[in-house]
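A.B. asks:
Residue numbers (this note's numbering): 551 to 734.
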C-alpha cells in the first residue's frame, strides 16, 4: 500500500471481480475501537449500497493463491481515464441532427449511458455538470438520473422522465449558483 495514494472523496474505483461495477469514494473514516482507517464507498449500480472496508484491505493486492488467473494487480483499482469507455465516447459522438430530445421507450446504448455517468462524475464544476447533463439529454434514462442523483446525494422524485430530468437540472443550476465545488 505504501506506493499507492490513499483514495479521496469522489474518486471512482472498480473491483477486480467485476470490472463493470464501479464505486465512488465517499470518505476515509477512523474506526472508533481499532483506530484503523476505513474506506467508505458507494456502489454506482443496483441499489447504490454504501460499504466500509479497512483501508489496508481496500488497497491490497489480489490474493494470487485464491485467484491465480486474475489479471488485476489490486483488489480495487482507481479509474484514471475511463479507458474502457474511450471507444464508447467516440461511438456516442453526436451530430447536429441527432440533438433531438429523447423519446419515451427509445432504445438506449448502454455503453453511452455508462460513459455519460463516468464523464459526469469526473466533472470539476457545477457548470461542467450542467453542460454535460444538457448534452446527454437525448440519451437520458431513469437509471442515469438515479445514478447521477445518487452521486450528488440528492433526491429526485419518481415520475415522468422529462420532469425528473428538469428537476435534476434545476438542482445542478441551484448548486452552481449558491455552492462552490472544488475537486482540484
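Each residue gets a CB set at the ideal place from its N, CA and C atoms; glycine is no exception.
Quick caveat: nothing in here was measured; it's all calculated off a predicted structure.
Report the rounded CA-to-CA distance for residue 577 versus residue 590, giving the unit in angstroms.
C.D. replies: 5 angstroms
A.B. asks: Inspect the CB distances between the segment 675-685 and the segment 703-713 and report whether three or more fall short of 8 angstroms.
C.D. replies: They do not touch, by the three-pair rule.
A.B. asks: Sort 627, 599, 581, 559 by Cα distance to residue 697 and report the nearest one.
C.D. replies: 599
A.B. asks: Identify, in the order they occur along the chain, each residue of the same chain with its Cβ nearer than 8 angstroms to the Cβ of residue 670, setting aside the five sequence neighbours on each side.
C.D. replies: Non-local beta-carbon contacts of residue 670 in its own chain, meaning distances under 8 angstroms to residues more than five positions away in sequence, involve 679, 682, 683, 686, 698, 701 in chain order.
A.B. asks: Measuring CA to CA, which of 597, 585, 557 is closest to residue 694?
C.D. replies: 597
A.B. asks: Classify residue 613 as buried or exposed, calling it buried when 16 or more other Cβ atoms lie within 10 Å of its own Cβ.
C.D. replies: exposed
A.B. asks: Short of 7 angstroms in beta carbon distance, which residues of its chain neighbour residue 639, apart from the five on each side in sequence? Order them along the chain.
C.D. replies: Only weak support is given to the placement of residue 639: the predicted model assigns it a pLDDT of 45, under 50, and the value that follows is read from those uncertain coordinates. Around residue 639: 665.
A.B. asks: Residue 626 and residue 581: beta carbons closer than 8 angstroms?
C.D. replies: no
A.B. asks: Can you list, in chain order, the residues of its chain with a C-beta nearer than 8 angstroms to that of residue 554? Leave out the 5 residues immediately preceding and following it.
C.D. replies: 609, 624
A.B. asks: When you compare only the Cα positions, how much space is there between residue 692 and residue 584?
C.D. replies: 41 angstroms
A.B. asks: Residues in its own chain within less than 6 angstroms of residue 656 by CB, not counting five upstream and five downstream?
C.D. replies: Note that residue 656 scores a pLDDT of 46, beneath 50, so its modelled location is shaky; the value from the coordinates is reported in the next line. Closer than 6 angstroms at Cβ, skipping near neighbours: no residue.
A.B. asks: Compute the Euclidean distance between the alpha carbons of residue 621 and residue 615, then round it to the nearest angstrom.
C.D. replies: 13 angstroms
A.B. asks: In chain order, what residues of the same chain lie with their CB nearer than 6 angstroms to the CB of residue 579, ignoring the 5 residues before and after it?
C.D. replies: 588, 590
A.B. asks: Quick one, which of 603, 689, 727, 595 has its alpha-carbon nearest residue 711's?
C.D. replies: Of the candidates 603, 689, 727, 595, 689 places its Cα closest to the Cα of residue 711.
A.B. asks: Please state whether DSSP places residue 608 in a helix, a strand or coil.
C.D. replies: Note: residue 608 maps to helix in three-state DSSP.
A.B. asks: Taking 8 angstroms as the limit between beta carbons, can you name the residues of its chain near residue 719, skipping five residues before and five after?
C.D. replies: Closer than 8 angstroms at Cβ, skipping near neighbours: 680, 683, 684.
A.B. asks: Between which two residues does the alpha helix (DSSP H) holding residue 696 run?
C.D. replies: 692-702
A.B. asks: How long is the line joining the alpha carbons of residue 652 and residue 716, rounded to whole angstroms?
C.D. replies: Confidence is the limiting factor: at residue 652 the pLDDT is only 45, short of 50, which leaves the residue's position unreliable, though a coordinate-based value still follows. Approximately 13 angstroms, taken between the alpha carbons.
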